[in-house]
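Note sheet for the following structure.
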Amino acid sequence: MDLGLQFGRARRRLTYLIYRTLLRSVGFKRARTLGGWSGELQFRLFWRQRHRLQRDVALILGRRSDDPYVVELLHEAYRVNNGAALEIMAMFDRRQDEHDLAACCELDGLEHLREAMGAGRGAILLATHSGNALLTTIRLAQAGWRISVVYRDARMMSEGFFQDGLEQYGIQAILANGGIRAYGQMLTALKQGRIVFVMMDQGVKQAEDGLMQRFLGKDLPMPAGPAQLARASRAPLLPLVTTAVSPVWRFEVRPQVALTGDTLESDVAFLVGVTEQQILAYPKFWSWHHRRWGKSRLMPVSTRS
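Quick note, our numbering runs 747 ahead of the 1-based positions in the sequence shown.
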C-alpha cells in the first residue's frame, strides 16, 4: 500500500480518537461548538485546500475566487459541517437523551411525507451532507415512524460505530458497502412501509461501484443505488433540504420527485441534478471540503453539460 495513503488513514484515525476523547469530556451539547472551532482552524490553517475550493466554488457559482461572498460561504461551510460531524460522533458514540436531540432539529414539510407514505410503499428520503441531517431520523423515529438509514463505513471509525449508534435509537442501519445484501435490505424495508434515508452527494470511491456523472462541475462515480431502489420498489422519493443551521438545525421535506423511467443512467443523472439543486439552494451549508469532491478536478467550462 502507498505510504502516503497509509499515513493519511493513520492521521484520520488518530484525529477520530482525539475527538472522541474530547467529546466524551465535553458532551453532546458542546459538540457543535467544538466542531465549529475545528472548522475555523481548518479554514485558516489549510489555506492551500481553501484556495483551491474557493476557485472551484467561484467557477460553479459564476463569481470571482476572491469574491467576499465565496470566502464567507466556505467559511460557514467549514464551521457548519465540522460542527455537524462532531455532533454525529457524540450522539452515536454514547446514547443521548432523544428529547434533547429532537430539540436541536426542526423538520418542515411533514405533510409531503405523510402523503407519500399513504401509498403503502414506504418512502425514500434523499438527503445531503449539509449539516446534521441524521437528527431528522431520530426525530422521525421518536414520532413513531419506522426508519432505516443507509450508511457507508469509514475506516477511521471504530467497528460498528454507525450500526450500533443508529440501533440504540431504534433505527435500522443498512451498510451500503454490503452490495446485493444491502440492496435486499433496502427493498425489504420499503415493503415493510419504512422510510429509507439515503445520501448520494459524495459519490463512491471506484467507478465500477457507480456511474460516472458530472456533479457540481466534477466528473465523479455516483451511486446508482437510490435510483435503482426507487425504480424497483416504485416507492416515492422525496428530497430533504437543509434550510437553516441556527439557532437549531432546520430541514424541509420537499414534495416527491418522479424519475424519468427511461434508463437507469437517465434516472441516476436526474437524481444527481436533484441533489445539485438541493445543495445550490443553500450552498453555504454543504460540505465542500469533503475529500472526495474537494480533491477532484473541476472540469473546464467548455466540457460541462
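Just so it is clear, CB atoms sit at the ideal spot from N, CA and C, and this is done for glycine as well.
Quick caveat, the model's predicted, so the values are computed rather than measured.
Three or more Cβ pairs closer than 8 angstroms define a contact, and the segment 1005-1020 falls short of that threshold against the segment 904-920. In the three-state reduction of the DSSP assignment, residue 1042 falls in the coil class, being assigned neither a helical nor a strand state.
Between the segment 831-846 and the segment 762-772 there are three or more C-beta pairs closer than 8 angstroms, enough to call the two in contact. DSSP links residue 996 through a beta bridge to 852. With a minimum length of 4 residues, the unbroken runs of alpha helix (DSSP H) contained wholly in the segment 947-988 fall at 972-980. The DSSP-derived three-state label of residue 898 is strand.
Listed as beta-bridge partners of residue 807 by DSSP are no residues whatsoever. By DSSP's assignment, residue 932 forms no beta bridge with any residue. In the assembly as shown, residue 761 is an exposed residue. Its beta-carbon has fewer than 16 other beta-carbons within 10 Å. CA-to-CA, the gap between residue 940 and residue 759 works out to about 38 angstroms.
Residue environment analysis places residue 1042 among the exposed positions, since fewer than 16 neighbouring C-beta atoms fall within 10 angstroms of its C-beta. Beta-bridge annotation (DSSP): residue 943 is paired with 871, 895. Measuring C-alpha to C-alpha distances from residue 794 to each of 818, 811, 775 identifies 818 as the nearest.
Three or more Cβ pairs drawn from the segment 996-1010 and the segment 847-857 lie within less than 8 angstroms of each other, which places the two stretches in contact. For residue 920, the three-state secondary structure derived from DSSP is strand. DSSP places residue 762 within a helical segment (H, G or I) once states are collapsed to three. It is roughly 6 angstroms from the alpha-carbon of residue 1046 to the alpha-carbon of residue 965.
Counting along the chain, the unbroken alpha helix (DSSP H) around residue 827 starts and ends at 815-840. Non-local C-beta neighbours of residue 1012 in its own chain, meaning closer than 7 angstroms and more than five positions away in sequence, comprise 958, ordered along the chain. For residue 849 against residue 885, the beta-carbon gap comes to about 7 angstroms, under 8 angstroms, which counts as contact. Within the same chain, Cβ atoms closer than 8 angstroms to the Cβ of residue 979 are found at 934, the five residues on either side in sequence being excluded.
Cβ contact annotation for residue 887 (same chain, cutoff 6 angstroms, sequence separation greater than five): 894, in chain order.
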